[in-house]
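Notes for the one structure printed next.
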Amino acid sequence: MITTTLAAPVIGASYAIRQAPSFTPFSGGNTGHFWHVEDFTIKWPTHSLTITSNFTEDMPHWQPEWAPNQHFDAITTEIHDADHPTPQVGTGINGHVINSCPYTIHVQTAIGNNPGYTNNEPVTDPADGSTYTIAPGAWYTTQIQAAVNGGGGVSIKLSKDAVLNPTNTYQVEYSQAANKDGRMAIWYDISGLNGDPFLNEKRYMQVNWDASVCPNLYSGPGSTGADWSSGDTNTQKECENVGDVYFYLC
5 MITTTLAAPV IGASYAIRQA PSFTPFSGGN TGHFWHVEDF TIKWPTHSLT
55 ITSNFTEDMP HWQPEWAPNQ HFDAITTEIH DADHPTPQVG TGINGHVINS
105 CPYTIHVQTA IGNNPGYTNN EPVTDPADGS TYTIAPGAWY TTQIQAAVNG
155 GGGVSIKLSK DAVLNPTNTY QVEYSQAANK DGRMAIWYDI SGLNGDPFLN
205 EKRYMQVNWD ASVCPNLYSG PGSTGADWSS GDTNTQKECE NVGDVYFYLC
């Protein structure tokens with residue numbers, strides 16, 4: 005974390021701020037490729053702004069022992085206002101559920117343990133552990149984002165009932181982590197391991213708005229062919245085109 009404090013902002017004034025190199029980043033990779041995540045906070049007497057930057061780049065001659073203050077081609081930033089905090093965490097991967105069923109469904113999002121969270125406790129949305137409703141034809145977007153490097157995988161829990169039944173809840177799961185080549189990737193699956201109240205419906209999952217950039221998952225009515233199964237590597241997908249997750253029901 006790099007923090008700088010500025011005087012109270014003046015109307016019409018502008019500031020040019022350069023972030024100094026950091027030698028304690030959250031980074032990884034291998035020869036020829038690296039990724040780097042770092043926070044930069046600007047503080048005024050009554051206001052502050054934090055920018056979380058996620059850099060990734062292929063550089064044929066780059067070595068892991070180099071300090072990560074190189075030129076970056078691709079930059080994704082998430083900005084939050086300290087005076088108006090949001091429940092979002094992580095590096096910007098959201099989940100979206102599109103309910104094409106003729107009936108209302110219920111949803112809760114949860115994220116796994118991560119050292120960055122207070123008391124190292126899982127986070128749920130809604131925070132009280134209840135559920136939101138998704139009306140027929142409606143769209144739901146998570147308020148919890150996947151944490152970087154797999155420290156907090158996200159599970160979108162779906163049910164026909166307002167109170168989740170732990171033995172009859174369908175799950176859409178995803179996380180962000182470096183793969184065996186040292187590249188940042190998204191890992192994802194759909195799971196009826198804890199029950200499937202939507203077995204007779206179509207279930208379809210894609211990553212990114214462009215469905216052609218990552219492998220898709222589809223289980224037709226009455227089928228569990230794409231659902232996660234322990235030991236079956238075909239039921240958990242990996243994609244280096246990291247982006248939002250879209251799940252279509254019915």
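Each residue of the sequence shown is one higher than the last, beginning at 5 in the working numbering.
Ideal Cβ positions, reconstructed from N, Cα and C, are used throughout, including at glycine.
Query raised in the report: According to the neighbour-count rule (16 or more other Cβ atoms, all chains shown, within 10 Å of its Cβ), is K241 buried or exposed?
Result: Residue mapping note: residue 241 aligns to position 237 of the sequence shown, counting from 1. Buried, since its Cβ has 16 or more Cβ neighbours within 10 Å.
Report task. Measure the beta-carbon distance from V101 to I115 and round it to whole angstroms, keeping in mind my assumption that it falls under 8 Å. Result -> Against the sequence shown, residue 101 aligns to sequence position 97. Against the sequence shown, residue 115 aligns to sequence position 111. At roughly 16 Å, the Cβ-Cβ gap does not stay under 8 Å, so V101 and I115 are not in contact.
Query raised in the report: Can you pull the DSSP bridge partners for F251?
Result: Reading the sequence shown from its first residue, position 247 is the one you call residue 251. F251 is bridged to V101, M209.
Query raised in the report: Are the beta-carbon atoms of V246 and M188 separated by less than 8 Å?
Result: Here the question's residue 246 lines up with position 242 in the sequence shown. Here the question's residue 188 lines up with position 184 in the sequence shown. Yes; because the gap between Cβ atoms is below 8 Å, this pair is in contact.
Query raised in the report: I97: which of N103, I190, K161 sits nearest, CA to CA?
Result: One-based indexing of the sequence shown puts residue 97 at position 93. Of the candidates N103, I190, K161, the one whose C-alpha sits nearest the C-alpha of I97 is I190.
Query raised in the report: Start and end of the beta strand (DSSP E) containing L261?
Result: Only positions 5 to 254 of the chain appear in the structure, and residue 261 is not among them; the question remains open.
Query raised in the report: DSSP on T108, reduced to helix/strand/coil?
Result: Counted from its first residue, the sequence shown places residue 108 at position 104. It is coil, neither helix nor strand.
Query raised in the report: Among D248, V158, W213, Y192, which residue has its Cα nearest to the Cα of L221?
Result: Sequence index remark: in the sequence shown, residue 221 carries index 217 (1-based). Nearest option by C-alpha distance: Y192.
Requested in this report: With a threshold of 7 Å, establish whether the CB of W143 neighbours any heavy atom of the ligand FMN.
Outcome: For the ligand FMN, the structure offers nothing, since it holds no ligand at all.
Query raised in the report: Which residues mark the beginning and the end of the beta strand (DSSP E) in which L162 is found?
Result: Here residue 162 refers to the residue found at position 158 of the sequence shown. Residues 158–163.
Requested in this report: In angstroms with no decimal places, state the Cα-to-Cα distance between Y146 and S134.
Outcome: If you number the sequence shown from 1, residue 146 lands on position 142. If you number the sequence shown from 1, residue 134 lands on position 130. It should be noted that the sequence gives Thr, not Tyr, for residue 146. When rounded, the distance between both Cα atoms is 14 Å.
Query raised in the report: Does the separation of the CB atoms of S195 and Q175 fall below 8 Å?
Result: For the purposes of this step, residue 195 is taken as residue 191 along the sequence shown, with counting starting at 1. For the purposes of this step, residue 175 is taken as residue 171 along the sequence shown, with counting starting at 1. Taking 8 Å as the cut-off, the Cβ atoms of S195 and Q175 count as close.
Query raised in the report: Given a threshold of 16 other Cβ atoms within 10 Å of its Cβ, counted over all protein chains shown, does D214 qualify as buried or as exposed?
Result: The residue given as residue 214 occupies position 210 in the sequence shown. Of the residues assessed, D214 falls on the exposed side of the cut-off, its CB having fewer than 16 other CB atoms within 10 angstroms.
Query raised in the report: By Cβ distance, which residues of its chain are closer than 6 Å to E244, with the 5 residues on each side in sequence left out?
Result: The sequence position of residue 244 within the sequence shown is 240, counting from 1. Non-local C-beta neighbours of E244 in its own chain, meaning closer than 6 Å and more than five positions away in sequence, comprise R187, A189, ordered along the chain.
Report task. Could you check what DSSP says for T145 in three-state terms: helix, strand or coil? Result -> The residue labelled residue 145 in the question sits at position 141 within the sequence shown. Shown here, T145 sits in a strand according to DSSP, grouped into three states.
Requested in this report: Drop a sphere of 10 angstroms on the beta-carbon of V111, count the other beta-carbons inside from all chains shown, and report buried for 16 or more, exposed for fewer.
Outcome: Translated into positions along the sequence shown, residue 111 becomes position 107. So V111 ends up on the buried side.
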